[in-house]
Amino acid sequence: MKIYNTMTRKKEDFVPIRDGKVGIYVCGPTVYDYIHMGNARPMIVFDTLRRYLLYKGYDVNYVSNFTDVDDKIIKRAIEEGVTSSEISERYIEEVMQDMKDLNVMEATTHPKATEEIPDMIAMIETLIEKGHAYEVNGTVYFRTRSFKDYGKLSKKNIDDLEAGHRDEKHALKVSGEGEKEDFLDFVLWKPKKEGEPFWESPWGDGRPGWHLECSVMSKKYIGDIIDIHAGGEDLIFPHHENEIAQSEAANDVEFARYWMHNGFLKIDGEKMSKSLGNFFTIRDIGKKYPLQVIRFFILSAHYRSPLNFADTLVDSSKASLDRILTAVSRLEDALAVATDRDLTEEEKEVKARLAEYVTKYENAMEDDLNTADAISVIFEMVKLTNSSVTADSAKSLVQEAFTTIGKLCDILGIITKVEAEILDSNIEALIEERQAARKAKNFARADEIRDTLAAQGIILEDTREGVKWKRA
-18 MKIYNTMTRK
-8 KEDFVPIRDG
2 KVGIYVCGPT
12 VYDYIHMGNA
22 RPMIVFDTLR
32 RYLLYKGYDV
42 NYVSNFTDVD
52 DKIIKRAIEE
62 GVTSSEISER
72 YIEEVMQDMK
82 DLNVMEATTH
92 PKATEEIPDM
102 IAMIETLIEK
112 GHAYEVNGTV
122 YFRTRSFKDY
132 GKLSKKNIDD
142 LEAGHRDEKH
152 ALKVSGEGEK
162 EDFLDFVLWK
172 PKKEGEPFWE
182 SPWGDGRPGW
192 HLECSVMSKK
202 YIGDIIDIHA
212 GGEDLIFPHH
222 ENEIAQSEAA
232 NDVEFARYWM
242 HNGFLKIDGE
252 KMSKSLGNFF
262 TIRDIGKKYP
272 LQVIRFFILS
282 AHYRSPLNFA
292 DTLVDSSKAS
302 LDRILTAVSR
312 LEDALAVATD
322 RDLTEEEKEV
332 KARLAEYVTK
342 YENAMEDDLN
352 TADAISVIFE
362 MVKLTNSSVT
372 ADSAKSLVQE
382 AFTTIGKLCD
392 ILGIITKVEA
402 EILDSNIEAL
412 IEERQAARKA
422 KNFARADEIR
432 DTLAAQGIIL
442 EDTREGVKWK
452 RA
């Protein structure tokens, strides 16, 4: 498999550190609100990478953290008059639900920053002992220039970085906040402020810096060296650059062998932002589209390419996904009545072509996780089976077609049996409950049930004969 390594800016053959085992670390969200589309893209992309490696027989240790102490969490807690831990625990639950709805597998480990503070303090002590960090008035800074390779991931020159921030540096000195030895030094430990959560440390009560958290958690749950470190391209600098500096300075070994970063997400051609009013949470999107459609949409583009979110594009993805699901449903129906007999010569050719498509699919996935081309292969299979596999085909051929398309979709996290999973009986039961709620004038519950069914792609129609339903 070839992976585009951000460190080298080229595709490289993927060779794990240990045969048959892969350690992947993906930076997770800061849990102060519902996750948005920007958060969802790396979750879906690198979940798909994990699924493919599992398919290829690797033992994958997949670690993705929760940043559960942060200025944004503290601000939200103060606004609501609750503790920071109440905010973080609430939104960890919400993130886990959104991940489930997006069919993102749970990580092998979901470490929380607040549960790893002792190890963070230990790493800071190591960095101070080695001359890479220093303390000033309860704040511990990383001595950036002490790490000679700083900037190797982002390709930024350290002198250019300082020159580009001369005005900001001067402002800090004038305000009395310029206590750092060098403007480029970054925080490893910050002292507590009134009303903020804190932990005891040799430098006084306080909390860790954001960059340090991932260095410590990846070391604890994967090891000193990570096979693949992944995240959005907005994390390349300074977050991932700072992780490399502090980890390699502390551990004296390479931090990660391969770096993978997904491209930005835009909304109708504009960068997603709250100020532009185009900031969509997964919950918002889920009210409009089944989240399997969103997953399919995200994987329809190469993960390193910028992705533009627009209703027309998502509608197109929905229609494309429906074609696949319809083909699978048709094969399932054919399987129920097909005859168990020997394959004809023509059927043997169809079976051979299915095998060729599997190889073509794997070649796409092994070319830097090219899910867009992999999806194109699935459509080729759909076209073949629609024309060449019917209820009159030999049962073994129908089974092969049904299983193969399902298997390749599963690697992408696309659930081809979703229609069977959302049982008709469950839908009917919810409709009955809705009717009862309406009769009892509990219109809020009735609307809630309608919205729940709509999120699953179920459309209700109130007719004279009663409530009719259909799948969108």
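Under this note's numbering, think of the first position of the sequence shown as -18, with each following residue one higher. We put the beta carbon where it would ideally sit given N, CA and C, even for glycine.
- The region 209 to 220 and the region 50 to 65 do not touch, with fewer than three beta-carbon pairs separated by less than 8 Å.
- In the three-state reduction of the DSSP assignment, Thr64 falls in the coil class, being assigned neither a helical nor a strand state.
- Rounded to the nearest angstrom, the Cβ distance from Gly187 to Phe179 is 6 Å, consistent with a contact under 8 Å.
- The alpha-carbon separation between Asp(-6) and Leu83 amounts to approximately 30 Å.
- By the criterion of a C-beta distance shorter than 6 Å, Val41 is surrounded in its chain by Val3, Arg31, Leu34 and Leu35, once the five residues flanking it on both sides are discounted.
- In the DSSP assignment, Phe290 falls outside any alpha helix (DSSP H) and lies within the beta strand (DSSP E) extending over Leu288 to Phe290.
- Contact annotation: Phe245 and Pro219 have beta-carbon atoms that are not nearer than 8 Å.
- Around the C-beta of Ser69, 16 or more other C-beta atoms lie within 10 Å, and the residue is accordingly described as buried.
- Judged by their CB atoms, Lys(-8) and Asp354 are not nearer to each other than the 8 Å cut-off.
- Counting only runs of 4+ residues, the alpha helix (DSSP H) found wholly inside the region 43 to 109 occupies 52 to 61 and 65 to 82, in chain order.
- DSSP, reduced to helix, strand and coil, places Trp191 within a helical segment of the structure shown.
- With respect to the C-alpha of Thr(-11), the residue from Tyr72, Ile105, Ala237 and Met(-18) having the closest C-alpha is Ala237.
- About 17 Å separates the beta carbons of Leu434 and Ile396, which is beyond the 8 Å limit, so they are not a contact pair.
- Measuring C-alpha to C-alpha distances from Tyr43 to each of Val50, Cys8 and Gly19 identifies Cys8 as the nearest.
- Taking each of Leu165, Ala382 and Ile5 in turn and checking the Cα distance to Ile305, the smallest one comes out for Ala382.
- The residue among Ile(-2), Gly19 and Tyr(-15) with its C-alpha nearest the C-alpha of Met253 is Gly19.
- When Glu160, Pro99 and Val76 are compared, the shortest CA-CA separation from Val117 is found for Glu160.
- The count of Cβ pairs closer than 8 Å, one atom from the region 167 to 176 and one from the region 200 to 210, stays below three, leaving the stretches out of contact.
- Runs of the beta strand (DSSP E) lying entirely within the region 256 to 323, each at least 3 residues long, are 288 to 290 in chain order.
- In summary, Arg(-1) is exposed, with fewer than 16 beta-carbon neighbours lying within 10 Å of its beta-carbon over all protein chains present.
- For Gly212, the enclosing beta strand (DSSP E) has its first and last residue at Ile207 to Gly213.
- As a beta-bridge residue in DSSP terms, Tyr6 pairs with Val44 and His210.
- DSSP places Thr(-11) in the coil class of the three-state scheme, outside both helix and strand.
- When Leu393, Glu330, Cys390 and Lys451 are compared, the shortest CA-CA separation from Ile412 is found for Lys451.
- A Cβ-Cβ contact shorter than 8 Å links Thr262 with Tyr15.
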